[in-house]
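Novice: Here you go, one structure.
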Amino acid sequence: MSKRSGNAIVLDLGTSSIKGIAVRSSPSGFEVLGYAQAQTRGMDITGIKDAVALKECIEAVLDEIKSQIGRFEYEELRVAFSDDTYAISRSSEELSLDSEEPVLIDESILNELLDRLGVEKGFEVNPTAVLHVFPIQYTLDGVRRVVNPLELEARKLAVDAYTATVSSVKGDSIRQILQGIVGELPIVFYSPGVAAGYATTTEAEREQGSFVIEIGHSFVTTTFFTNGVPVLLAVSPLGFRYVIKDVSRVFGTSIPEAERLVKNFGHADVNPPDADASIDYFGLDGRTRRTVKKRELSLVIYARLREILNRARKVAYESFSGSSVPLTEGPHSVILTGGGAKLPGTVDTSAEVFRGFVRTGNAESGSHIPVEGPDKVLRDPVYSVCIGTLTTESRRRMEKVPMKKKKKAGFIDFLRELFGW
């Protein structure tokens with residue numbers, strides 16, 4: 001397990017906006033010292049389109065943070081980025097301790113075993129990287145099952161675990177861009193769905209079975225937690241951007257103006273407050289003034305958001321059918337986070353779709369190591385992923401697969417370094 005860094009910068013690279021925070025750690029937790037957002041340029045749902053533009057956006061976020069807190073020496077850069085290749089699967093591995101007598105299991109042996117879960121698979125066709133490992137149980141000598149094998153003796157040690165992975169192709173490109181900014185500073189990647197889940201859920205919700213739904217601009221990521229760990233992750237490509245597109249198309253206005261309408265006046269309900277209130281906006285030419293009733297705007301938003309949530313639900317349940325994770329009933333609760341979760345009425349619409357308890361989740365609502373900072377960060381679902389990279393790192397003991405010593409340089413070795421194996 002890597003030691004917690006004293007100071008860190010966290011970046012959440014979305015296709016609509018880039019979020020960043022600067023944090024300082026202490027024995028009791030973390031403190032957010034500064035934060036910033038900038039509109040994303042150079043990256044969309046298909047990947048990086050303009051590395052120079054994306055680099056400028058990242059630098060703008062870092063410069064804004066620096067303007068708030070002054071000179072800030074940080075030891076680590078933690079990064080999550082939007083992508084549709086994140087997944088969680090169940091894996092197992094066994095380690096022979098090569099001894100005639102039982103061997104006392106220590107952390108070095110445990111690290112070696114977990115390291116084997118991160119060996120490269122499918123690198124010729126679809127390279128993937130293991131970001132997190134969540135052990136379920138260990139088996140000693142093929143017989144004795146335990147939760148924690150440390151200080152026990154065995155000749156063979158096996159582990160059954162869930163692993164969170166992502167395609168390494170996009171991560172490779174993002175790392176190169178970041179290295180152009182921060183140089184040789186350590187860069188650690190995180191699964192945004194896992195991070196957001198740990199930031200926003202309570203311990204009871206993680207134990208009893210809950211969906212964490214991150215409503216992003218391009219993707220909606222559903223992560224299922226049960227027995228305290230994430231066991232399934234499904235990504236739907238039908239993101240919140242389609243709400244904005246529909247508003248633009250139906251009311252004949254530009255995407256930026258449609259985004260303003262949704263952000264300032266939107267409501268995901270067929271009967272919004274002040275339904276007959278008139279809202280002024282500009283047409284496609286940017287000069288012609290038009291008017292829409294709040295009810296009309298809300299109907300368009302409601303229809304598309306309901307479809308987005310239904311699609312996310314369908315994708316998640318289809319993932320269950322192809323996995324070893326049973327789901328005989330619906331989730332105990334549903335926690336919404338991400339930028340789309342801020343839209344008024346989203347909780348009620350989600351409750352219709354999932355037919356159960358739904359709430360909005362932010363860092364303040366979760367059970368995790370203490371994180372202090374501005375309400376703008378801790379109470380805003382937009383920053384859930386950023387905070388989650390802190391709480392996930394702090395909570396987990398051996399989840400990040402340790403890096404092996406490299407015997408020779410090569411492509412696989414570079415990817416190990418890239419994702420901290």
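Just so you know, we're using the working numbering here: the sequence shown kicks off at 1 and counts up by one.
For glycine and all other residues, C-beta sits at the position ideal for the given N, C-alpha and C.
A quick note: this is a predicted structure, and the numbers were derived from the prediction, not measured.
Between the segment 171-178 and the segment 373-389, do at least 3 Cβ pairs fall closer than 8 Å?
Specialist: no
Novice: Which term fits T163, buried or exposed, when burial requires 16 or more other beta carbons within 10 angstroms of its beta carbon?
Specialist: buried
Novice: Measure the C-alpha to C-alpha separation of D98 and K156 and round it to an integer number of angstroms.
Specialist: 8 Å
Novice: Specify, as a first and last residue, the run of the beta strand (DSSP E) that R144 falls within.
Specialist: 144-146
Novice: Going by CA-CA distance only, name the one from R24, A275, G142, N111 that's closest to V133.
Specialist: N111
Novice: Cutting at 8 Å between CB atoms, please list the residues of its own chain near G142, excluding the five before and the five after it.
Specialist: Cβ neighbours of G142 within its own chain (closer than 8 Å, five residues either side excluded): K156, A158.
Novice: Roughly how far, in whole angstroms, is the beta-carbon of I9 from the beta-carbon of Q37, given that I think they are within contact range, below 8 Å?
Specialist: Not quite, the Cβ-Cβ distance comes to about 14 Å (not below 8 Å), so this is no contact.
Novice: Per DSSP, which residues does F189 bridge with? Please list them.
Specialist: V79
Novice: Applying the criterion that 16 or more other CB atoms from any shown protein chain within 10 Å of the CB defines a buried residue, is N148 buried or exposed?
Specialist: exposed
Novice: Within the same chain, show all residues whose beta-carbon is closer than 6 Å to that of P135, passing over the 5 residues directly before and after it, in chain order.
Specialist: V159, A161
Novice: Helix, strand or coil for I430? Go by DSSP, reduced to three states.
Specialist: Any property of residue 430 remains undetermined from this structure, which presents the chain solely from 1 to 421.
Novice: If you draw a straight line from the alpha carbon of E56 to that of P370, how long is it in whole angstroms?
Specialist: 32 Å
Novice: When you compare only the Cα positions, how much space is there between F72 and V103?
Specialist: 46 Å
Novice: Applying the 10 Å Cβ sphere with the 16-neighbour rule, what's the burial state of D50?
Specialist: The residue is exposed, with fewer than 16 neighbouring Cβ atoms inside 10 Å.
Novice: In three-state terms, what does DSSP make of P230?
Specialist: strand
Novice: Along the chain, where does the beta strand (DSSP E) that runs through T291 open and close?
Specialist: Here the beta strand (DSSP E) through T291 covers 289-293.
Novice: Roughly how far, in whole angstroms, is the beta-carbon of A129 from the beta-carbon of T337, given that I think they are within contact range, below 8 Å?
Specialist: Rounded, the Cβ-Cβ distance is 24 Å, inconsistent with contact.
Novice: Can you tell me whether L284 is buried or exposed? The criterion is at least 16 other CB atoms within 10 Å of its CB, across all chains shown.
Specialist: With fewer than 16 other Cβ atoms inside 10 Å of its own Cβ, L284 counts as exposed.
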